[in-house]
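Chemist: The numbers in the working numbering rise by one with no breaks, and the one at position 145 of the sequence shown is 1196. Just so it is clear, CB atoms sit at the ideal spot from N, CA and C, and this is done for glycine as well. These figures come from a predicted structure and were not determined experimentally.
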Amino acid sequence: MCICGPRPGPSQRGECPVSGTAGKTVEILTVKALLTETALRRITNSSYRFCPEPACDVVYFTENGDTYGKADLRVPVWQKEPFGARILCYCFGESEAGIRDEIDAEGASHAVERIRALIEAGRCACEVRNPRGACCLGDVSMAVKRITATVLRTVEAGHR
Ligand SMILES: [Zn+2]
1052 MCICGPRPGP SQRGECPVSG TAGKTVEILT VKALLTETAL RRITNSSYRF CPEPACDVVY
1112 FTENGDTYGK ADLRVPVWQK EPFGARILCY CFGESEAGIR DEIDAEGASH AVERIRALIE
1172 AGRCACEVRN PRGACCLGDV SMAVKRITAT VLRTVEAGHR
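Here it is, written out as structure tokens:
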């Protein structure tokens, strides 16, 4: 939920100072890996959180009220982009568009199985590639379900 307008003062309870959304802790290594060259010049040794609110421009914020927006990152943050063509897996590039093409061509997407096999082989790098600093598998699994439902609805509409 977006509570519009900035809230004064530092975030005591881990809430985004702009949207008031509860933020999940991320490692400073993740923040350092993903900030642009310019944004990295103002990073401080603090504890960082990720704001998941889609309507909020803030990606990272600190307990001191420092914020880093979408333009401060080297990659698009899918949570803050419109549904349809977003890259969900920052390690191996699985995207909504790719999942949709796969469902159109083969009737199902095996993105989750592909990622799981790569994770098991020790090849994922979520802590330095995914802005959230955590594994994308749950997100990709939800996206496959959502896109499958969208494709089925389109097919049904086409038969009417
Ligand atoms: Zn926010």
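(1) Got a sec: is the Cβ-Cβ distance from Lys-1196 to anything in chain D below 9 Å?
(2) For Thr-1201, which option in Thr-1087, Arg-1125, Ile-1150 has the closest C-alpha, if you only look at C-alpha atoms?
(3) Starting from Gly-1135, follow the beta strand (DSSP E) in both directions and report where the run begins and ends.
(4) For a test of your reading of the model: does the CB of Thr-1072 fall under 8 Å from any non-hydrogen atom of ligand 1? Yes or no.
(5) Say the cut is 8 Å; is the CB of Glu-1132 nearer than that to a heavy atom of ligand 1?
(6) Would you mind stating whether Ile-1154 and Thr-1199 have Cβ atoms separated by less than 9 Å?
(7) What does the alpha-carbon distance come out to for the pair Asp-1108 and Pro-1068?
(8) Output the distance between the C-alpha atoms of Leu-1080 and Asn-1181, rounded to the nearest integer angstrom.
(9) Does the beta-carbon distance from Arg-1092 to Asp-1117 come in below 9 Å?
(10) Please classify Leu-1124 as buried or exposed, where buried requires at least 16 other C-beta atoms within 10 Å of its C-beta.
(11) Roughly how far, in whole angstroms, is the beta-carbon of Cys-1187 from the beta-carbon of Tyr-1141, given that I think they are within contact range, below 8 Å?
(12) Check the C-beta distance from Ala-1106 over to Val-1179 and give it rounded, since I have them as a contact under 8 Å.
Modeler: On the basis of the data shown:
(1) Of the chains in the structure shown, none is chain D; there is only one protein chain.
(2) Your numbering for residue 1201 matches position 150 in the sequence shown. If you compare the alpha carbons of Thr-1087, Arg-1125, Ile-1150 with that of Thr-1201, the shortest gap goes to Ile-1150.
(3) Reading the sequence shown from its first residue, position 84 is the one you call residue 1135. Premise fails: Gly-1135 is in no beta strand (DSSP E) and is neither H nor E.
(4) Within the sequence shown, the letter at position 21 stands for residue 1072. At least one heavy atom of ligand 1 is found less than 8 Å from the C-beta of Thr-1072.
(5) Within the sequence shown, residue 1132 is the residue found at index 81, counting from 1. No; taking the cut-off as 8 Å, the Cβ of Glu-1132 has no heavy atom of ligand 1 nearer than that.
(6) In the sequence shown, the residue the question calls residue 1154 occupies position 103. In the sequence shown, the residue the question calls residue 1199 occupies position 148. The answer is yes: Cβ separation under 9 Å.
(7) The sequence position of residue 1108 within the sequence shown is 57, counting from 1. The sequence position of residue 1068 within the sequence shown is 17, counting from 1. Taking the straight line joining both Cα atoms gives about 11 Å.
(8) Position 29 of the sequence shown, counted from the first residue, corresponds to residue 1080. Position 130 of the sequence shown, counted from the first residue, corresponds to residue 1181. The C-alpha of Asn-1181 is placed about 11 Å away from the C-alpha of Leu-1080.
(9) Looking up residue 1092 in the sequence shown gives position 41. Looking up residue 1117 in the sequence shown gives position 66. No.
(10) For this step, residue 1124 is matched to residue 73 along the sequence shown. The residue in question, Leu-1124, is buried, as its Cβ has 16 or more Cβ neighbours within 10 Å.
(11) Reading the sequence shown from its first residue, position 136 is the one you call residue 1187. Reading the sequence shown from its first residue, position 90 is the one you call residue 1141. Indeed they touch by this definition, with Cβ atoms about 7 Å apart.
(12) To locate residue 1106, count along the sequence shown from 1; it is residue 55. To locate residue 1179, count along the sequence shown from 1; it is residue 128. Going by Cβ atoms, the distance from Ala-1106 to Val-1179 rounds to 27 Å, so no, they are not a contact pair.
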